[in-house]
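So the sequences go chain by chain: A and B.
Residue numbers for the first sequence follow the working numbering, beginning at 4 and rising by one.
Residue numbers for the second sequence follow the working numbering, beginning at 85 and rising by one.
Positions of the beta carbon are idealized from the N, C-alpha and C atoms, including for glycine.
Please read all numbers here as calculations on a predicted model, not as lab measurements.
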Amino acid sequence: MAQTGAFGDKIFRIVLLIAASSILLIVAAIFFMMVQNSLPTLERFGIGFLFGGEWKPAQEEFGALPFIYGTVVSSLIALALSVPISVGIAIFLVEQAPRYIARPIAFMVELLAAIPSVVYGLWGIFVLAPFIREYLGPFLQNYLGFVPLFQGRVTGIGMLTGGTILALMVTPIITAVVRDVLEAVPTTQREAALALGATRWETTQIVLGNAASGIAGAVVLGLGRAIGETMAVTMVIGNSPQISASLFEPANTIASLLAANFAEATDKVYLSALIEIGLVLFLVTFVVNAFAKLLIMKVAGGTNSAKHV
Amino acid sequence: MENTAANSNRRRRLVNSIMTSLTAICAVFVTGVLLLIIGYIAVRGVSSLSFQFLIDTPKPVGEGGGIGNAIVGSAIMTLLAAVIGLPVGIAAGVYLAEYGKNWFGNTVRFISDTLIGIPSIIIGIFIYTLVVVPMGRQSALAGGLALAVIMIPIVARTTEEMIKLVPNSMREGALALGAPQWRVSMNIVLPAAASGIATGAMLAIARITGETAPLLFTALNSRFYNFYLDQPMSSLTVQIFNYATGPFEVEHAMAWAATLILVATILLINILVRTLTRKRF
């Protein structure tokens with residue numbers, strides 16, 4: 004009797020195993036295909052590809068530095084703006100707000116994550132960019148114009164707009180993870196602090212201290228998303244491969260370079276260069292995400308990334 | 085001495101109220117931005133929405149045109165992605181939940197979570213090298229495959245989470261009655277977790293409906309109604325991108341109207357699914 008299921012069990016298990024393995028296979032295949040298709044430029048330019056400052060496809064001159072710079076700076080702007088706000092919201096939701104207020108707000112923050120990238124881009128072009136051109140830009144130049152960051156012509160399309168849109172887009176992700184992490188801190192710690200006479204904020208500080216590595220993980224996860232975010236940035240950053248001190252100047256990121264140029268790249272070397280820079284993006288986001296996952300696991304072991312897509 | 089103690093207490097209470105208000109302001113600010121975005125889309129979108137717009141194909145600037153083929157294209161490619169991505173993702177999720185408590189399961193889990201964070205444009209390049217180059221042209225098939233790849237890890241992880249919620253006593257009961265493991269999984273565990281899995285699947289579908297980057301050079305775009313999977317296909321998102329970055333005012337108006345359709349669909353799925361299931365995703 005017991006044997007009837009043995010064969011079925013074996014088949015069932017193998018089918019499931021294949022499905023699970025396909026995820027590993029996909030990641031391995033992404034890596035393999037990208038390396039294979041970027042071999043022409045990998046061999047021709049070597050490591051110098053990463054440090055070249057000029058990007059002139061027509062002259063077969065490929066330097067990735069402007070795009071790496073743009074990616075790093077726009078992501079840093081995004082984190083600088085979104086981390087304090089995200090942590091603030093998470094504290095509000097977990098530590099302060101009563102349930103009937105926390106639930107709808109948490110729900111709305113989650114909806115923010117559901118809005119597609121291209122929609123943020125559209126909103127960025129027609130609402131945020133004019134706002135920065137007419138109000139924020141002139142304001143910053145008036146009061147902080149002596150800082151090189153805020154010099155130059157304000158067109159509304161540029162690094163600052165890209166970074167701001169990114170900030171908006173990573174806020175729900177960072178908020179969600181920080182919430183999970185704060186919820187994982189035992190209630191007894193809060194009770195102990197309150198019993199000793201600590202104020203609510205002092206209690207929160209203790210909770211934050213205990214959740215520190217998880218919050219760091221949330222920030223790194225947000226960084227990973229900011230680095231890879233494509234459409235919205237492409238639409239507002241100006242797509243110009245230059246390294247400029249001013250945040251008002253147009254710039255470009257790796258992801259937006261790919262989005263804007265990949266379809267037109269018919270030349271073999273050009274295509275290879277684009278895939279190579281894509282490979283850089285793949286490796287960086289892979290490492291950043293893995294690192295974030297490790298940090299978050301330390302605090303909230305069961306956290307599931309699928310919740311934060 | 086008493087005076088300084090009172091002062092420090094007053095300071096502590098002041099800091100407390102300032103900081104607790106600041107966190108509340110953060111929450112109000114971000115929800116305000118969400119409402120601002122949605123409100124803007126609603127106002128700008130409604131003003132250029134019409135029935136003709138929903139069924140027409142794109143036309144040269146000034147002659148009207150619509151997003152009929154883009155809606156159909158998005159639907160076809162999303163469906164294709166679901167047909168490929170859901171079975172694989174759900175099967176992988178069942179594996180993780182039922183057999184995944186070993187090093188292999190942990191590896192798959194870890195790599196899935198990492199794959200979820202890989203930029204979707206990278207998936208686009210991957211499918212380009214894997215499908216578009218050998219086929220010699222962009223196609224709906226390539227677009228659907230790219231979306232499926234994005235879907236698989238998400239569905240796998242939500243399925244796993246949902247299956248883990250099924251009480252062990254149900255498995256034990258079925259096994260004790262002599263049912264083989266695969267029967268237990270298929271006939272007891274999966275039905276019990278079905279509504280949760282469906283929720284995860286719907287959210288994953290909502291997510292890929294909004295994807296643009298992986299379609300840019302896999303499915304490309306098309307000006308016509310197309311039902312052949314080996315031909316380039318239009319999608320709502322790519323069409324919005326083209327209209328939004330076009331030079332003409334009429335194109336921008338069409339971008340807003342198309343966005344209203346897209347965002348309404350996605351938010352509706354999200355709101356329905358999240359209110360119907362009390363469990364938070």
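Asked                                                                                                                                                                     : Found
Below 8 Å on the Cβ atoms is my contact criterion, and I expect L362/A with A170/A to pass it. Report the Cβ-Cβ distance as a whole number of Å.                          : Residue coverage of chain A in this structure runs from 4 to 312, which leaves residue 362/A outside it and unanswerable.
Here's a check: name, in chain order, each residue in its chain whose Cβ is nearer than 7 Å to the Cβ of N213/A, leaving out the five neighbours to either side.          : V188 and Q192
Flag this pair as yes or no: are the beta carbons of N242/A and A263/A separated by less than 7 Å?                                                                        : yes
Is DSSP giving V99/B helix, strand or coil here?                                                                                                                          : helix
Could you say if the stretch 350-363 of chain B and the stretch 106-125 of chain A meet the contact criterion of at least three C-beta pairs nearer than 8 Å?             : yes
What does DSSP give as the partner residue(s) for E64/A in the beta ladder?                                                                                               : K59/A
Pull up the CB-CB distance for A1/A and G227/A, whole angstroms please, since I reckon it's below 8 Å.                                                                    : What the structure shows of chain A is the stretch from 4 to 312, and residue 1/A is not part of that stretch, so it cannot be assessed.
Is the Cβ of M172/A closer than 7 Å to any Cβ of chain B?                                                                                                                 : no
Reducing DSSP to helix, strand and coil, say where P244/A ends up.                                                                                                        : coil
In this structure, how does DSSP classify P142/B when only helix, strand and coil are distinguished?                                                                      : strand
What residues from the stretch 263-277 of chain B come within 8 Å of chain A, judged by C-beta to C-beta, listed N to C?                                                  : A263, P264, Q265, W266, R267, S269 and M270
Which partner residues does G11/A have in the DSSP bridge list?                                                                                                           : Bridge partners of G11/A: none, in fact.
Could you work out which residues of chain B lie near D270/A, taking near to mean beta carbons separated by less than 8 Å?                                                : The contacting residues do not exist; D270/A stays about 14 Å from chain B at best.
How far does the alpha helix (DSSP H) with I135/A in it reach, from first residue to last?                                                                                : Counting along the chain, I135/A falls outside any alpha helix (DSSP H), and DSSP gives it neither H nor E.
Nearest to G231/A by CA position, among I205/B, L180/B, A159/B and T162/B, is which residue?                                                                              : I205/B
Determine contact between the stretch 156-171 of chain A and the stretch 67-77 of chain A, defined as no fewer than three beta-carbon pairs at a distance below 8 Å.      : yes
Using the Cα positions of I168/B and L282/A, report the straight-line distance between them to the nearest angstrom.                                                      : 26 Å
Alpha carbons only, please: which of I125/B, T115/B, A111/B and A108/B is nearest the one belonging to A339/B?                                                            : I125/B
Can you list, in chain order, the residues of its chain with a C-beta nearer than 6 Å to that of A277/B? Leave out the 5 residues immediately preceding and following it. : M246, I247 and V250
Which residue from M235/B, V273/B, E335/B and A337/B puts its Cα closest to that of L199/B?                                                                               : M235/B
Does any residue of chain B bring its CB to less than 7 Å from the CB of D183/A?                                                                                          : no
Let me know if N40/A comes out buried or exposed under the rule of 16 or more other beta-carbons within 10 Å of its beta-carbon.                                          : buried
Alpha helix (DSSP H) containing K185/B: first to last residue?                                                                                                            : Run containing K185/B: none; DSSP gives neither H nor E here.
Buried or exposed: V122/A, going by 16 or more other Cβ atoms within 10 Å of its Cβ?                                                                                      : buried
Based on the DSSP output, what are the partners of G149/B in its beta bridges?                                                                                            : P142/B
Measure from the alpha carbon of T107/B to the alpha carbon of each residue in A81/A, I176/A, L20/A and A100/A, then state which is nearest.                              : A100/A
Is S158/B close to chain A? Criterion is C-beta to C-beta, closer than 7 Å.                                                                                               : no
To which residues of the same chain is I257/A closer than 6 Å at the C-beta, ignoring the five residues directly before and after it?                                     : F70, T74, I280 and L284
I need the straight-line Cα distance from T88/B to S105/B, nearest angstrom please.                                                                                       : 26 Å
Could you tell me the distance, in whole angstroms, from the CA atom of W288/B to the CA atom of V239/B?                                                                  : A quick correction: the sequence has Ala, not Trp, at residue 288/B. Cα to Cα, A288/B sits roughly 7 Å from V239/B.
Counting only beta-carbon atoms, is S314/A nearer than 7 Å to chain B?                                                                                                    : Past the edges of chain A, shown from 4 to 312, lies residue 314/A, and the structure says nothing about it.
Can you grab the Cα-Cα spacing for the pair Y72/A / G148/A, in whole Å?                                                                                                   : 22 Å
Per DSSP, what kind of secondary structure is I160/A in: helix, strand or coil?                                                                                           : coil
Could you check what DSSP says for I311/B in three-state terms: helix, strand or coil?                                                                                    : According to the sequence shown, residue 311/B is Phe rather than Ile. Three-state result, F311/B: coil.
Go through the stretch 223-293 of chain A residue by residue and report every complete run of the alpha helix (DSSP H) that reaches 4 residues or more, in order.         : 234-239 and 257-264
Would you check whether the ligand HEM has a heavy atom nearer than 6 Å to the C-beta of G8/A?                                                                            : Summarising the ligand content, the structure contains no ligands, and the ligand HEM is consequently not present.
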